[in-house]
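Undergrad:
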Amino acid sequence: MEQTTATLKGIIHPYEHYGEGLTQPIVEVKGLNVFSKNAQILKNIHLSVPKNKITVLLGPSGCGKTTLLKCLNRLTDLYSDLRLDGSIFIDNEDILNTPRDITEIRQKMGLLLQRPFPLPMSIAGNITYGLKLKGIRNKKILEAKVEKHLRDVALWDEVKDRLSHSANSLSIGQQQRLCLARGLAVEPEIILADEPTSALDPISSKVIEEEFIKLKNDYTIILVTHILRQAKRLADYVVFMYYGEIVEHGDAEEIFNNPKTALLKHYLESGY
Amino acid sequence: MRKGKKRFEEKMFRYLSAGITLFIVFLLLHIIWSIASKGFAALSWQMITDEPKGGFYFGKEGGILNAIAGSFYLAVAATILSFAISLPVALFINVYLRKYPRRANAIRFFLDVLWGIPSIVYGAFAFTIMMFAGLRTSLIAGIITVAVMIAPIMIRAMDEVLKTIPIGLQEAAYALGATKTETAFHIFLRKALPAFATAILLAFGRGIGDAASVLFTTGFTDYVPSSIQEPAATLPLAIFFQLGSPVKEVQSRAYAAALLLTIIILVVSVLTRLLNRHTRQS
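What follows is the structure, given as structure tokens:
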């Protein structure tokens, strides 16, 4: 295994893996290392995420997928014992070494976590919060945005009569869709999703997956999952990780039908 | 054999703990009973509506409106002031210091120590400062002293609420582009506000019932204060002074004051519980 990854590291070049259908990268990670107090969580990550595709970070639990995702909008700032080193370019700006305010950069990315965390506000308030932070106060614009984004996630018909009710009154599947809509409202370019269906029932999961497929026309989606079948359903581009390293990455078809490394072959067969 | 020993252990502890519980409850009921039985006799409409007449130590006339009003002014103002001090501290520990749990825990430790400091120390400390600054006893001095005294209680009670907010909510707020300050005041405060009622009432109860911290700072007077620069009477001190009187009737008036104070604190405690239940349900 040592040798495989070593040779792979040697041949991986940010642009090399762009196949025919893949467009300009929107996120580029270069030489990212993440250390915690007594371990290295991510090792020398090089990654380019193509625009308007669903990129799936795949791998067994504990392999660093979530950490990598959280590095992308610097939520790692919340944890004092994490040390980051390397560069992450988003729209050609290195967000790890930028003088610019991180909150602006974070608004380029919508975030969907493992379980929904609705803000302690009304349903409409959840959608408009990010917009109000941007300084948008016009009631008509806000109302229009609420409707638009709730329609985006197929929630409008279910909640249109109780927009002023607390978001906690929704079912967990509805809450997760609300969280997606809330992220879309700030008009991000990228959607970061960390196992977004893991707490949901099958029907809500299906709705979220269908939304992702629709949304990729307008957004770039980075999805963390350990569900192999979900990855197969959604992925355009796959990054397979194992113990903090990227073992293999490429177009979904290539990865699933023609795995090159023994680790990936084993993972695809056994699921761990 | 072993089984028998276990059963004995089980039984002994059951009876022992039940016995001690009963003893404590009995003691409490006895205190309430003795206050009530002695206080009711002296309690009259005049007691709550009049200022004392004919000198406090010896006068049997008039009421304790001075102490009731003084205690309310003091406790309400101190609670509001304390809330203004406590809120930023509690939010700071839980939003800004979430990243540094060690520092947060150090602050929590100091607050717990402050909680344990006897209130007379707060009173004496404030008095020293007042003497240095050439200030006389006044309502405002008492308000500040009591506010500082109950702040650790309020901060820790708020902190316990804020601690339960999951880090995911903080991540969600950050991801929407909220700064730390916006996260603290829009998200954390709103999420925790219903449960803060408990913290506020807890601190209020402590503030209104404390005698030692106001002894040197608020002083005592027979009149309802008309400005915050005047000294003011308080219920705990009214009890203290009246109990020290050689006149029997004045002593029983102390029990009436104690009864009033107990009722106020009881109402506050019940209110706290009801609010607590209400917020937990919703």
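Chains as they are written, first to last, in the UniProt record's numbering: chain A, 1 to 272; chain S, 1 to 282. Here a beta-carbon is modelled for each residue, glycine too, at the ideal position from N, C-alpha and C.
For my contact list, residue 160 of chain S and residue 75 of chain A are in at a C-beta cut-off of 8 Å; report their separation, rounded to the angstrom.
TA: Taking the second sequence and counting its residues from 1, one reaches residue 160 of chain S at position 160. Taking the first sequence and counting its residues from 1, one reaches residue 75 of chain A at position 75. Rounded, the Cβ-Cβ distance is 25 Å, inconsistent with contact.
Undergrad: Would the beta-carbon of residue 110 of chain S be found less than 7 Å away from any heavy atom of the ligand ADP?
TA: Looking for the ligand ADP in the displayed structure turns up nothing, as the structure carries no ligands at all.
Undergrad: Using 8 Å for Cβ pairs, my map puts residue 32 of chain A next to residue 105 of chain A. What's the rounded Cβ distance?
TA: Translated into positions along the first sequence, residue 32 of chain A becomes position 32. Translated into positions along the first sequence, residue 105 of chain A becomes position 105. Going by Cβ atoms, the distance from residue 32 of chain A to residue 105 of chain A rounds to 16 Å, so no, they are not a contact pair.
Undergrad: Short check: CB of residue 78 of chain S to CB of residue 143 of chain S, under 8 Å?
TA: By 1-based counting over the second sequence, the position of residue 78 of chain S is 78. By 1-based counting over the second sequence, the position of residue 143 of chain S is 143. Closer than 8 Å, so yes.
Undergrad: Report the rounded CA-to-CA distance for residue 173 of chain A versus residue 239 of chain A, giving the unit in angstroms.
TA: In the first sequence, counting from the first residue as 1, residue 173 of chain A sits at position 173. In the first sequence, counting from the first residue as 1, residue 239 of chain A sits at position 239. When rounded, the distance between both Cα atoms is 27 Å.
Undergrad: Report yes or no: do the segment 58 to 75 of chain A and the segment 115 to 126 of chain A share at least 3 C-beta pairs separated by less than 8 Å?
TA: Touching, no.
Undergrad: Verify whether the separation of the beta carbon atoms of residue 163 of chain A and residue 145 of chain A is less than 8 Å.
TA: Within the first sequence, numbered from 1, the residue matching residue 163 of chain A stands at position 163. Within the first sequence, numbered from 1, the residue matching residue 145 of chain A stands at position 145. It is not a contact, given that the beta carbons lie outside the stated cut-off.
Undergrad: Any idea what DSSP makes of residue 112 of chain A, helix, strand or coil?
TA: Here residue 112 of chain A refers to the residue found at position 112 of the first sequence. If DSSP states are grouped into helix, strand and coil, residue 112 of chain A belongs with the strands.
Undergrad: Hey, is residue 179 of chain S's beta-carbon within less than 8 Å of any beta-carbon in chain A?
TA: Reading the second sequence from its first residue, position 179 is the one you call residue 179 of chain S. Cβ-Cβ to chain A under 8 Å: yes for residue 179 of chain S.
Undergrad: Which of the three DSSP states, helix, strand or coil, is assigned to residue 88 of chain A?
TA: Here residue 88 of chain A corresponds to residue number 88 of the first sequence, with the count starting at 1. Of the three classes helix, strand and coil, the one that applies to residue 88 of chain A here is strand, per DSSP.
Undergrad: Please classify residue 135 of chain A: is it buried, with 16 or more other beta-carbons within 10 angstroms of its beta-carbon, or exposed?
TA: The residue given as residue 135 of chain A occupies position 135 in the first sequence. Under this definition residue 135 of chain A is an exposed residue.
Undergrad: Give me the Cβ distance between residue 53 of chain A and residue 225 of chain A, rounded to the nearest whole Å; I'm assuming they're in contact under 8 Å.
TA: Here the question's residue 53 of chain A lines up with position 53 in the first sequence. Here the question's residue 225 of chain A lines up with position 225 in the first sequence. That belief does not hold up - the Cβ atoms of residue 53 of chain A and residue 225 of chain A are roughly 15 Å apart, past 8 Å.
Undergrad: Report all residues from its chain with a CB closer than 8 Å to the CB of residue 114 of chain A; omit the five preceding and five following residues, and keep chain order.
TA: In the first sequence, the residue the question calls residue 114 of chain A occupies position 114. Excluding sequence neighbours, residue 114 of chain A sits near 194, 195, 196, 198 and 199.
Undergrad: Distance cutoff 8 Å, beta carbons only. Does residue 120 of chain A sit that close to anything in chain S?
TA: As a first step, residue 120 of chain A must be located in the first sequence, where it is residue number 120. Yes, residue 120 of chain A counts as interfacial toward chain S.
Undergrad: For the beta strand (DSSP E) containing residue 241 of chain A, list its first residue and its last residue.
TA: Locating residue 241 of chain A in the first sequence gives position 241, counting from the first residue. First-last of the beta strand (DSSP E) with residue 241 of chain A: 237 to 242.
Undergrad: Measure the C-alpha to C-alpha separation of residue 20 of chain A and residue 51 of chain A and round it to an integer number of angstroms.
TA: For the purposes of this step, residue 20 of chain A is identified with residue 20 of the first sequence, where counting begins at 1. For the purposes of this step, residue 51 of chain A is identified with residue 51 of the first sequence, where counting begins at 1. Residue placement at residue 20 of chain A is poorly supported in this model, since its pLDDT is 42, which falls under 50; the coordinates are not used for a value here.
Undergrad: Which residue spans inside the segment 94 to 152 of chain A form an unbroken alpha helix (DSSP H) run of at least 4?
TA: Fully enclosed alpha helix (DSSP H) runs of 4 or longer: 102 to 106, 123 to 133 and 139 to 152.
Undergrad: Where does residue 66 of chain S land, buried or exposed, given buried means 16+ other C-beta within 10 angstroms?
TA: Indexing the second sequence from 1 puts residue 66 of chain S at position 66. So residue 66 of chain S counts as buried.
Undergrad: Provide the residue span of the beta strand (DSSP E) that contains residue 42 of chain A, from first to last.
TA: If you number the first sequence from 1, residue 42 of chain A lands on position 42. It spans 40 to 50 - the beta strand (DSSP E) in which residue 42 of chain A sits, taken as one unbroken run.
Undergrad: Taking CB distances under 8 Å as the criterion, tell me whether residue 7 of chain S reaches chain A.
TA: Against the second sequence, residue 7 of chain S aligns to sequence position 7. Chain A, which has no Cβ nearer than 8 Å to the Cβ of residue 7 of chain S, makes this no.
Undergrad: Just the chain S side, please: which residues come within less than 7 Å of residue 73 of chain A by C-beta, in chain order?
TA: As a working mapping, residue 73 of chain A is identified with position 73 in the first sequence. Under the 7 Å cutoff, chain S gives 175.
Undergrad: Within its chain, find whatever has a CB closer than 8 Å to the CB of residue 272 of chain A; leave out the 5 residues flanking it on each side and keep chain order.
TA: One-based indexing of the first sequence puts residue 272 of chain A at position 272. Excluding residues within five positions, the ones whose Cβ falls inside 8 Å are 60.
Undergrad: Can you give me the C-alpha to C-alpha distance between residue 157 of chain A and residue 207 of chain A, rounded to a whole angstrom?
TA: Here residue 157 of chain A corresponds to residue number 157 of the first sequence, with the count starting at 1. Here residue 207 of chain A corresponds to residue number 207 of the first sequence, with the count starting at 1. Going from the Cα of residue 157 of chain A to the Cα of residue 207 of chain A covers about 14 Å.
Undergrad: Say whether chain S places a C-beta atom closer than 8 Å to the C-beta of residue 22 of chain A.
TA: On the first sequence, residue 22 of chain A is found 22 positions in, with the first residue counted as 1. With a pLDDT of 46 at residue 22 of chain A, under the threshold of 50, the predicted position of this residue should be treated as unreliable, though the coordinate-derived value follows. It does not: the Cβ of residue 22 of chain A has no partner Cβ on chain S nearer than 8 Å.
Undergrad: So the candidates are S:19, S:211 and S:272; which of them puts its Cα closest to the Cα of residue 123 of chain S?
TA: To locate residue 123 of chain S, count along the second sequence from 1; it is residue 123. Measuring from the Cα of residue 123 of chain S, the nearest candidate turns out to be S:211.
Undergrad: In chain order, which continuous runs of the beta strand (DSSP E) of length 3 or greater are located wholly inside the segment 175 to 217 of chain A?
TA: Listed in chain order, the complete beta strand (DSSP E) runs (minimum 3 residues) inside the segment 175 to 217 of chain A are 190 to 194.
Undergrad: Please check if any C-beta of chain S sits within less than 8 Å of the C-beta of residue 36 of chain A.
TA: Position 36 of the first sequence, counting from 1, holds the residue named residue 36 of chain A. Answer no: the Cβ-Cβ gap between residue 36 of chain A and chain S never drops below 8 Å.
Undergrad: Mind the definition here: the segment 188 to 197 of chain S touches the segment 103 to 121 of chain S only if three or more C-beta pairs lie below 8 Å; say whether that holds.
TA: The answer is no - the segment 103 to 121 of chain S does not touch the segment 188 to 197 of chain S, with fewer than three Cβ pairs under 8 Å.
Undergrad: Going along the chain, which residues of the segment 142 to 163 of chain S sit with their C-beta nearer than 7 Å to a C-beta in chain A?
TA: Cβ contacts with chain A come from no residue of the segment 142 to 163 of chain S.
Undergrad: Can you look up residue 170 of chain A in the DSSP assignment and give me helix, strand or coil?
TA: Counted from its first residue, the first sequence places residue 170 of chain A at position 170. If DSSP states are grouped into helix, strand and coil, residue 170 of chain A belongs with coil.
Undergrad: Kindly indicate which three-state DSSP category residue 81 of chain A falls into: helix, strand or coil?
TA: In the first sequence, residue 81 of chain A corresponds to position 81, counting from 1. Coil.
Undergrad: Just to confirm the assignment, what range does the alpha helix (DSSP H) spanning residue 169 of chain S have?
TA: As a first step, residue 169 of chain S must be located in the second sequence, where it is residue number 169. Looking at the DSSP string, the run of the alpha helix (DSSP H) that includes residue 169 of chain S is 167 to 175.
Undergrad: From residue 43 of chain A to residue 68 of chain A, what distance separates their C-alpha atoms?
TA: Indexing the first sequence from 1 puts residue 43 of chain A at position 43. Indexing the first sequence from 1 puts residue 68 of chain A at position 68. Rounded to the nearest angstrom, the two C-alpha atoms are 10 Å apart.
Undergrad: Which residues of chain S have a Cβ atom closer than 9 Å to the Cβ of residue 225 of chain A, listed in chain order?
TA: As a first step, residue 225 of chain A is located in the first sequence; it is residue number 225 there, counting from the start. Neighbours of residue 225 of chain A on chain S: none; closest Cβ ~18 Å, over 9 Å.
Undergrad: Taking the alpha helix (DSSP H) that residue 150 of chain S falls in, what are its first and last residues?
TA: Sequence index remark: in the second sequence, residue 150 of chain S carries index 150 (1-based). From DSSP, the alpha helix (DSSP H) with residue 150 of chain S extends over 139 to 163.
Undergrad: Could you compute how far the alpha carbon of residue 167 of chain S sits from the alpha carbon of residue 36 of chain A?
TA: Working through the second sequence from its first residue, we reach residue 167 of chain S at position 167. Working through the first sequence from its first residue, we reach residue 36 of chain A at position 36. Roughly 18 Å between the two C-alpha positions.
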